[in-house]
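Report on the following structure.
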Amino acid sequence: MSDRNDCLDTITHLTDTPNPVATGLVTTGPVAADLVAAGTILDRSSDTRGSDTRGSDTRGSDTWVLPAPAAHRTIELDGATVDRVFDELTADDRDQHDEHGTPVTLRTPQARCADGHGTLTHLFFSDDVLDIARAKAICSKCGLAPTCLAGALDRAEPWGVWGGELIENGRIVVHKRPRGRPPKHPRPLVIIDEVPIPPHLVA
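Here UniProt numbering is used: position 17 in the sequence shown is 17, and no number is missing along the way.
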């Protein structure tokens, strides 16, 4: 029989002992020594009060006691209490509930211009005043507009509507001036290939 099985076979419940961990478990064997070294169980072999818990075990192995957690006792694990560890593990769950314990739906803001097909892109990079107005209207109800505008200014975007503002050469343009004649060097046409939705994703 392996050491592990030998250890598990000798586990018994304590029923009547003056030991303060009377509701714990007693086990013997080399595996128990490894558990003690890891701090999982307590070494009770030198406790004379627990000598009567050896019973009829005559194999000469030391006796180890695994204390059972009590309702009003705090067990320390590697310097952190069980209560603190529990709070850390359940912090994310509590953040998703209100003060009454009701689950709160968490929604990640999505860009309103990202329709998945690129059909709105031309509005944000157009010289037409009406297209610019439509692009700004779309941005006005977008939760990511401030982040989008800050990123465009940081990158010094050459043109386009970003975060509800018209950007040219990295600066915000308040009023779009109408062009009297076509530019000598027109902007390149923005062409975005439409990627079809896979059939298994279509409801």
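Positions of the beta carbon are idealized from the N, C-alpha and C atoms, including for glycine.
Cβ neighbour criterion (16 or more within 10 Å) applied to residue i
i    : result
V174 : exposed
A156 : exposed
G160 : buried
L130 : exposed
L201 : exposed
A152 : buried
Residue of the options minimising C-alpha distance to residue i
i    : options                   : result
A111 : G118, A137, H200 and C142 : C142
P188 : P158, I197 and I172       : P158
K136 : G151, L166 and C148       : L166
H117 : I197, P109 and L149       : I197
R171 : A150, I132 and D115       : A150
C113 : A145, K184 and L153       : A145
L123 : D193, E168 and W162       : W162
Other residues of its chain near residue i: CB distance less than 8 Å, five sequence neighbours each side excluded
i    : result
S140 : G164
N169 : A156, P158 and W159
Sequence-distant residues of the same chain with beta carbon closer than 7 Å to residue i, five excluded per side
i    : result
I132 : S126, V161, L166 and K176
E194 : H117 and G118
P109 : G143 and L144
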